[in-house]
Amino acid sequence: MKIQESAENYLETILVLKNRRGEVRSIDIANEMNFSRPSVSHAMKQFRENGLITMDDNGYIELTESGREIAERIYERHTLLSELLMKLGVQETVAKEDACRLEHAISAESFQKLREYWNRHQGVCADAEQCPDGK
Numbered sequence: 003m004k005i006q007e008s009a010e011n012y013l014e015t016i017l018v019l020k021n022r023r024g025e026v027r028s029i030d031i032a033n034e035m036n037f038s039r040p041s042v043s044h045a046m047k048q049f050r051e052n053g054l055i056t057m058d059d060n061g062y063i064e065l066t067e068s069g070r071e072i073a074e075r076i077y078e079r080h081t082l083l084s085e086l087l088m089k090l091g092v093q094e095t096v097a098k099e100d101a102c103r104l105e106h107a108i109s110a111e112s113f114q115k116l117r118e119y120w121n122r123h124q125g126v127c128a129d130a131e132q133c134p135d136g137k
């Protein structure tokens, strides 16, 4: 399923908050993303209608299986891209901001190749100058 970047950001935020706090409500998402409560409520309504989340009577949000798959895919991309950029010497703040943009644009094929490269070379080099160049 192809969804918009903003939807991916919401789902990733739900996953991160759930892992951090154990419970997630719309207000938590609004606070984390610095969005208005009505904007978040509208998005959550759309996600419920599309089967990406469930919400109980107390307003607690859970990702469905399909919502979790999307969130985990985006979170993995964000984490790996952030770490890779920092390993290359990019300042942490910049690396995380760039990773947030790249995580939505990179193709599945390109990300798979980056992941394979990262897994082969992670921890092999102490800094960017010592990293093998594409081998």
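In terms of this note's numbering, the sequence shown opens at residue 3 and continues consecutively. Heads up, the beta-carbon is just placed ideally off N, CA and C, and yes, glycines get one too. What you are looking at is a predicted structure, and each value in this text was computed from that prediction instead of being measured.
For this session: Please confirm whether His123 and Glu105 have their CB atoms less than 7 Å apart.
Result: no
For this session: Return the chain-ordered list of same chain residues with a C-beta closer than 8 Å to the C-beta of Lys137, the five sequence neighbours on each side being excluded.
Result: Model confidence at Lys137 stands at a pLDDT of 39, short of 50, so the residue's coordinates are unreliable and nothing is read from them.
Exercise. If you measure from the CB of Arg79, is any heavy atom of the ligand SAH nearer than 6 Å?
Worked result: The ligand content of the structure shown is nil, which means the ligand SAH is not present either.
For this session: For Glu14, count neighbouring Cβ atoms within 10 angstroms of its own Cβ and tell me buried if that reaches 16, exposed if not.
Result: So Glu14 ends up on the buried side.
Problem set entry | Inter-residue Cα distance where the pair is Glu78 and Cys102 | 11 Å
Problem set entry | Distance between beta carbons of Glu10 and Ile72, contact taken as under 8 Å | 6 Å
Exercise. Counting pairs of beta carbons, one from the stretch 16-26 and one from the stretch 57-69, are three or more of them closer than 8 Å?
Worked result: yes
For this session: List the DSSP bridge partners of Leu13.
Result: Looking at the DSSP output, Leu13 bridges to nothing.
For this session: Quick one: residues in its chain with C-beta nearer than 8 Å to the C-beta of Leu19, no 5 flanking neighbours on either side, listed in chain order?
Result: Val26, Asp30, Ile31, Glu34
Exercise. Which residues share a DSSP beta bridge with Tyr62?
Worked result: Arg27
Exercise. Grouping DSSP H, G and I as helix and E and B as strand, with all else coil, what is Lys137?
Worked result: With a pLDDT of 39 at Lys137, under the threshold of 50, the modelled position of that residue is not reliable, and the figure given next carries that caveat. Correct three-state label for Lys137: coil.
Problem set entry | Distance between Ser8 and Lys47 (C-alpha atoms, nearest Å) | Going by the C-alpha atoms only, they are around 14 Å apart.
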